[in-house]
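Anchor point for the sequence shown: position 357 equals 574 in the working numbering, and the numbering is continuous, going up by one each time.
Using N, Cα and C, we set each Cβ at its ideal position, and we do this for glycine too.
Right, one structure below, let's go through it.
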Amino acid sequence: MHRSPVTDAFLRSSLFASVDGQDLEQLAELATTRQLAAGETLFRQGEPADAVYVVLDGQLQAVAEDGDRGDVLLGMIDPGDPVGELALLLGGQRSATIRATSPATLAKIPAQSLRPWLERSPALQDALEGLARERLQRNQLAAIVLRYFGVLDDGAQRDLAENLEWLTVAPGEILFRKGDPGDSLYIVVNGQLWAVGEDEAGNEVPIATLREQDVVGEMGLLSNEDRNAAVVAAQQSTLVRLSRTTFEALAADHPELMLTITRELIGKLRKTQRSRRASRGGSREIAVVAADPGMDTDSLIRQLALKLQASAAVIGRPDIKRQLGRADLADARAGEPGHVGLGVWLEEQACVFDMIFYLTEPLQGDGQATQWTRHCLSRADEVLIVADAGGHDEPVNLERALYRERQAATGLRKLPHTRLILLHEGEVPLPERTDRWLRQRSPEGYYHLRRKSQSDLERIARILENRAVGLLLGGQGPGSIAHLGALQALEEQGVVIDYLAGSGTATLVAALRASGRSVDEMKTALDWQRLDDRQKIPALCRDLFADMRIEDLWQPFSCASTNLSRQAVQIHRQGMLEQAVMAAMAVPGVHKPVAMGNELHVNSGNLLSGPDEFLRRHSRHCISIDSISSTGVMPEDLARPDGSGSAEQSLWSRFFGRRDEAGQRKKEHARLIETVMAGGSRAIQQLRGNMDLSIVLSVASGKGEAVVDTDALITQGYRQTMSRIGDLDLLPGTGRALS
218 MHRSPVTDAF
228 LRSSLFASVD
238 GQDLEQLAEL
248 ATTRQLAAGE
258 TLFRQGEPAD
268 AVYVVLDGQL
278 QAVAEDGDRG
288 DVLLGMIDPG
298 DPVGELALLL
308 GGQRSATIRA
318 TSPATLAKIP
328 AQSLRPWLER
338 SPALQDALEG
348 LARERLQRNQ
358 LAAIVLRYFG
368 VLDDGAQRDL
378 AENLEWLTVA
388 PGEILFRKGD
398 PGDSLYIVVN
408 GQLWAVGEDE
418 AGNEVPIATL
428 REQDVVGEMG
438 LLSNEDRNAA
448 VVAAQQSTLV
458 RLSRTTFEAL
468 AADHPELMLT
478 ITRELIGKLR
488 KTQRSRRASR
498 GGSREIAVVA
508 ADPGMDTDSL
518 IRQLALKLQA
528 SAAVIGRPDI
538 KRQLGRADLA
548 DARAGEPGHV
558 GLGVWLEEQA
568 CVFDMIFYLT
578 EPLQGDGQAT
588 QWTRHCLSRA
598 DEVLIVADAG
608 GHDEPVNLER
618 ALYRERQAAT
628 GLRKLPHTRL
638 ILLHEGEVPL
648 PERTDRWLRQ
658 RSPEGYYHLR
668 RKSQSDLERI
678 ARILENRAVG
688 LLLGGQGPGS
698 IAHLGALQAL
708 EEQGVVIDYL
718 AGSGTATLVA
728 ALRASGRSVD
738 EMKTALDWQR
748 LDDRQKIPAL
758 CRDLFADMRI
768 EDLWQPFSCA
778 STNLSRQAVQ
788 IHRQGMLEQA
798 VMAAMAVPGV
808 HKPVAMGNEL
818 HVNSGNLLSG
828 PDEFLRRHSR
838 HCISIDSISS
848 TGVMPEDLAR
858 PDGSGSAEQS
868 LWSRFFGRRD
878 EAGQRKKEHA
888 RLIETVMAGG
898 SRAIQQLRGN
908 MDLSIVLSVA
918 SGKGEAVVDT
928 DALITQGYRQ
938 TMSRIGDLDL
948 LPGTGRALS
């Protein structure tokens, strides 16, 4: 029996592999053919989805039309491939525009004629979903190959693609364990993985997160080392695997090419190591959960999306109706055509946009999540909790259910990639009770947002998409006043700081800035002369920071001290601000150790060491500014062993002065100060090398003067910082203003 060309094309299409021959003939009789010239549009995004096509010959491309960025390529469509198959699954409107890249012939089947076949054939549903996902994965893989292996010729690219093994891992599934042979690398196509280690108590905790296009286990492949950590799937994830055997075989077939690939891979991995260590935001898909089920997060999240530099979409139930023409798709259940179609459409959106916010809904009356909320949570690689700071701080409704479900599924006490936004009324001087919110949740990041504050909203946007700028201030003694001038210079040049950290006396300046004080307010906030008298510093900190907590500062802040009781450096991100600042300023041998609970803390003498680690984990760009004496610590700055010299007129003598019973300065104390300062210099040099930009303020500290000239110090800090402003242009992808 002679078959028509359409029937032959249907037989070759994997879409109709489950349809028997007789039924296939009947389907072919329903089809008509259509010719397209190169460049001609088959249909446009937003048009009614009234038919399905199968390519008989030629090639087409699917694009998403974006008014701001133009067309975004979703994939290529070859002979035998279906076109517009989401019309069967979704109905409603076309989700993409289809154009011919060469002369093409297509078979057209009305959707209403094919839909009954789909409803009675689960195999046909599976085939549609598989084809749509395969097309998306093919394009995702092409992007990965380009990123890590560069532009390859057709033969090399085909060999690489054919030898990459695809695999899917379920939530909680272990990819490999610590100590396993490093016999392959993996690239995350979609989903999320956790590298898991142990905390001090022996609990398993995530130590790194790997998302789309991240590489896993690369060093094992390149260096033949055993795995140094376990990796587990945080959510259902699709990966490609390159084994050592395949890698070596490809190297034999393409020796010069594989050498280039290896060099490029290592180079790119080195560049991404810091961003991998950071919590780095940049999450592609974020589920937004309201802490209060009565809260409307829609307007806030849409305002936040507008502040992003990346392309972003906000998708809630109303958006499904507007985009696809059918509100009921949000409630589609597993096994229904609409459920599959919605999932594929959401994957397409993830290819089009750099970031997507999914607006979840409260639990239903029966305590169960809506189908739409299940869609949101199953796709999200991060959860953003939005709460009214004046509300009830205990998790309720969907938030409480989410914690219980995820902890039961993973066995981890802390849930990675949960962030908290606390909303405040604009007139509130400082947040309150933040520690109560954190005790209930342990989020990776928490941010204070004053309603209608554009600067707060912009800061959160920078943090979410990994554009945050961290500033570390370090220095001892009154010379730290110069940091006020440095801050003024940065502000005038439009450099917006998101994370603040301090060490030594400069910690006080960083804490004041994090509390929301402007530079002008800081100049008049206190009598800066009190920094010149070690006995007045405790009262100074008490006056400035009494009863304030680090968590209640408007900007994220940290400082470090040496815990003498534990003999370890401790970074302070929570707790009483007065104690933390005092501990960071307490030079051993000069100030009394600060009691925090039953443990004693002092400054380590390394000036800038400690908080830098926190900044580098959370900031895309890190700037350090430390102040030093323009002459260093000179012999005359310390008491001479014989007691000679003008000790009373020396700045260091006044600040660090101690006398024994005979009225003579202790030799041991002078040597102690020298040792502390010298011991910190090497750490400072190493830290400066780890910063994106390091500025050293060499300030004249007013030796011999009875009164510290604060205006002169501020001017010195301003001028020296302005002289380095041009170096900000060296920070990649930012330009002068880092905001």
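Close beta carbons around residue i, own chain, < 8 Å, minus the five adjacent residues each side
i: R957; result: No answer is possible for residue 957: the residues shown for the chain start at 218 and end at 956.
i: R316; result: G256, E257, T258, L259, L277, Q278 and V280
i: R543; result: L307, G308, G309, I537 and G555
i: R941; result: L910 and I912
i: Q409; result: T426, L427, R428, A450, A451, Q452, S454, D598 and H634
i: W654; result: A604, A606, D610, L637, L639 and Y663
i: V613; result: A508, D509 and P510
Test: residue i CB closer than 9 Å to a CB of chain C
i: L523; result: Of the protein chains in the structure, only one exists, and it is not chain C.
Sub-9 Å separation of residue i and residue j beta-carbons
i: V432; j: I404; result: yes
i: V300; j: V269; result: yes
i: L277; j: L306; result: no
i: A797; j: V819; result: no
i: D610; j: R766; result: no
i: F227; j: A254; result: no
i: G733; j: L770; result: yes
i: Q239; j: A313; result: no
i: G608; j: A508; result: yes
i: I958; j: G711; result: This structure cannot speak to residue 958, because the chain is shown only from 218 to 956.
i: R519; j: R684; result: no
i: Y716; j: L832; result: yes
i: F762; j: M793; result: yes
i: E578; j: A586; result: yes
DSSP-derived helix/strand/coil call for residue i
i: H838; result: strand
i: I391; result: strand
i: P807; result: For the sequence presented, residue 807 should be read as Val rather than Pro. Coil, per DSSP.
i: T938; result: helix
i: R487; result: With a pLDDT of 47 at R487, under the threshold of 50, the predicted position of this residue should be treated as unreliable, though the coordinate-derived value follows. Helix at R487.
i: Q710; result: coil
i: M512; result: coil
i: T741; result: coil
i: R667; result: strand
i: E542; result: According to the sequence shown, residue 542 is Gly rather than Glu. Looking at G542 - three-state DSSP - the assignment turns out to be coil, as it is neither helix nor strand.
i: A446; result: coil
i: D470; result: helix
i: Q520; result: helix
In DSSP terms, what residue i is bridged to
i: E599; result: I503
i: S915; result: I845
i: I767; result: Looking at the DSSP assignment, I767 forms no beta bridge with any residue, so it has no partner.
i: V223; result: According to DSSP, which records beta bridges pairwise, V223 is partnered with nothing at all.
i: Q252; result: T322
i: T635; result: V600
i: N780; result: A785 and H818
i: E910; result: Inspection of the sequence shows that residue 910 is occupied by Leu rather than by Glu. Answer by DSSP bridge pairing, in chain order: I840.
i: N407; result: T455
i: S460; result: S401
i: S775; result: A718
i: P299; result: V271
i: D431; result: DSSP output for D431 lists no bridge partner at all.
Beta-carbon contacts of residue i that lie in its chain and below 6 Å, excluding the five residues immediately before and after
i: S844; result: G692, G696, S697, A699, L914 and V916
i: L704; result: V736
i: D158; result: With the chain covering 218 to 956 only, the question about residue 158 has no answer from this structure.
i: L725; result: V798
i: W562; result: S312
i: I714; result: V686 and L688
Same chain only: Cβ atoms within 7 Å of residue i, ignoring 5 sequence neighbours per side
i: L521; result: L674, I677 and A678
i: P810; result: L781, A803, L817, H818 and V819
i: E442; result: G399 and M436
i: T249; result: K325
i: D944; result: L910
i: A527; result: D571, M572 and E682
i: A801; result: G719, S720, G721, T724, C776, A777, S778 and N820
Any non-hydrogen atom of the ligand FAD closer than 8 Å to residue i Cβ
i: Y716; result: Looking for the ligand FAD in the displayed structure turns up nothing, as the structure carries no ligands at all.
- Message: Going residue by residue through the region 545–615, where are the continuous alpha helix (DSSP H) segments of at least 4 residues, counting only ones entirely within it?
- Response: 554–569 and 588–596
- Item | Runs of beta strand (DSSP E) lying entirely within the region 675–704, each at least 3 residues, in chain order | 686–692
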